[in-house]
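If you're matching positions, the sequence shown starts at 189 in this note's numbering and goes up one per residue.
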Amino acid sequence: MKNFRINFLAHKDITKKDLTSILRFKDNVWSYGIESQFSWIKKNISNNDIHVYISQKREIVAYANLIDGVSTNLNNLVGIGNISVLEKFRGNGYGSILIKIILFYLKTHKKDAILICKKNLISFYKKNGFKVIKPLNLHLNFPVSDDNYFMANFISPQIVELSKTF
Ligand SMILES: CC(C)(COP(=O)(O)OP(=O)(O)OC[C@H]1O[C@@H](n2cnc3c(N)ncnc32)[C@H](O)[C@@H]1OP(=O)(O)O)[C@@H](O)C(=O)NCCC(=O)NCCS
């Protein structure tokens with residue numbers, strides 16, 4: 189891993205070029221088409237939400253978005269979504285570094301993190317400081333399929349109410 193840059197970009201400050209790179213990167217990982225990636229971002233990302241990415245020679249190699257206001261009862265909760273690493277770079281620690289950087293950033297902003305993942309990635313996120321939230325401790329206002337797990341970097345003494353996806 190050399191000559192990489194870490195970028196935190198508020199959605200309101202994104203340029204057309206940044207957006208194009210993000211859409212292309214995301215479509216490389218999840219090939220739903222550029223238009224569909226764009227619609228998802230328009231629908232789910234607000235001005236103050238943040239795109240975080242690691243780039244190398246201007247190519248995005250790892251990406252995630254940070255979405256504020258995902259909980260109706262925990263004000264300081266940020267949803268980390270779309271965590272992804274370009275296929276040829278996987279298994280080299282980029283995913284773990286991205287998560288560590290995000291957790292450091294959130295800690296300095298006194299925020300907690302929550303994410304959604306499939307069963308096979310639970311151990312990966314556990315290694316990076318997350319714990320599974322028991323379904324009984326979650327109230328969701330949006331549909332999710334049964335094979336999704338919610339993980340957070342804290343154990344909440346109260347039920348976590350989530351109002352939107354991330
Ligand atoms: C999940 C992902 C972000 C990990 O990034 P990465 O750069 O490969 O991660 P690291 O190199 O830091 O760590 C790799 C670890 O993740 C595990 N891992 C990665 N993908 C996995 C998978 N599909 N199933 C099980 N484990 C997986 C590896 O086994 C490895 O574990 P190890 O440290 O015990 O060897 C990357 O594989 C990815 O982009 N996947 C496709 C998109 C995706 O599914 N994102 C998750 C959204 S919740």
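Yeah, the Cβ is synthetic: ideal placement off N, Cα and C, and Gly gets one too.
Distance CB(LEU261)-CB(GLN346) smaller than 8 Å:
Strictly speaking, residue 261 in this sequence is Asn, with Leu absent from that position. In this structure, GLN346 lies closer than 8 Å to ASN261 by Cβ.
Contact under 8 Å by Cβ, VAL240 with ILE290:
yes
From this set, LYS322, SER311 and VAL258, which residue's C-alpha is nearest SER351's C-alpha?
VAL258
If you compare alpha carbons, which of GLY267, ILE238 and VAL266 is closest to LYS200?
ILE238
Going by beta-carbon coordinates alone, are ILE210 and ILE255 separated by less than 8 Å?
no
LYS299 to ASN264, Cα distance in whole Å?
5 Å
Can you tell me which of GLY269, LYS205 and LYS204 puts its alpha carbon nearest to the alpha carbon of LYS306?
GLY269
For ASN308, decide whether its Cβ has a neighbour in chain D, counting only Cβ atoms nearer than 8 Å.
Structure shown: chain D not included; a single protein chain is present.
Is any heavy atom in ligand 1 found nearer than 7 Å to the beta carbon of TYR220?
no
Taking the alpha carbon of ASP335 as the point to measure from, which residue in ILE229, PHE226, VAL266 and ILE304 has its own alpha carbon closest?
ILE304
What residues does ligand 1 have around it, judged by CB closer than 5 Å to any heavy atom, in chain order?
ILE271, SER272, VAL273, ARG278, GLY279, GLY281, TYR282, GLY283, SER284, CYS305, ASN308 and PHE312
Measure the alpha-carbon distance for LEU197 versus GLY267 and round it to whole angstroms.
16 Å
Top-ranked residue by Cα proximity to PRO323, from ILE285, ILE343 and ILE287:
ILE343
Which value, in whole angstroms, describes the spacing of the CA atoms of ASN308 and THR203?
35 Å
Are SER224 and TYR251 touching if we call contact CB-CB under 8 Å?
no
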